[in-house]
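**Q** Numbering (my numbering), first residue to last: 638 to 745.
Mind looking over this structure? Questions follow.
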């Protein structure tokens with residue numbers, strides 16, 4: 638029987654998983670453990686005026702949007718702003734010459 642990559646990868650994954658489980662410490666539940674109190678949910682931050690303006694601009698495409706839907710859209714836009722800020726925390730911009738230099742080599 639000829640083995641395939643899938644069979645090999647499945648076997649390798651099972652072997653790695655078994656090794657990790659065997660080396661993991663056993664933690665027993667203590668009967669006197671107190672249940673952890675879940676933290677109170679923090680309210681969502683209010684969207685910025687720019688996000689609200691962009692959300693209001695959506696009314697041009699769908700005039701039947703409610704205010705609650707616009708608020709939800711503005712929250713999504715604000716989350717996009719936050720995600721973009723996390724990708725570029727220093728706010729630096731690339732110049733035209735900042736691309737990596739391609740290096741070509743011929744191999745025999």
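Think of the CB as a built atom: it goes at the ideal place given N, C-alpha and C, for glycine as much as any other residue.
Owing to the predicted nature of the structure, the values given are computational and were not obtained by experimental measurement.
State the DSSP-derived secondary structure class of residue 736, mapped to helix, strand or coil.
**A** DSSP places residue 736 in coil when its eight states are reduced to three.
**Q** Out of 739, 673, 690, 646, state which residue places its alpha-carbon closest to the alpha-carbon of residue 715.
**A** The shortest C-alpha separation from residue 715 is found at 690.
**Q** Between the stretch 694-703 and the stretch 718-733, are three or more C-beta pairs nearer than 8 Å?
**A** At 8 Å Cβ cutoff, the stretches do not touch.
**Q** Rounded to the nearest angstrom, how far is the Cβ of residue 711 from that of residue 684, given a contact under 8 Å?
**A** Right, their Cβ atoms sit about 4 Å apart.
**Q** For residue 649, is the classification buried or exposed, using 16 other Cβ atoms within 10 angstroms of its Cβ as the cut-off for buried?
**A** With fewer than 16 Cβ atoms within 10 Å of its Cβ, residue 649 is classed as exposed.
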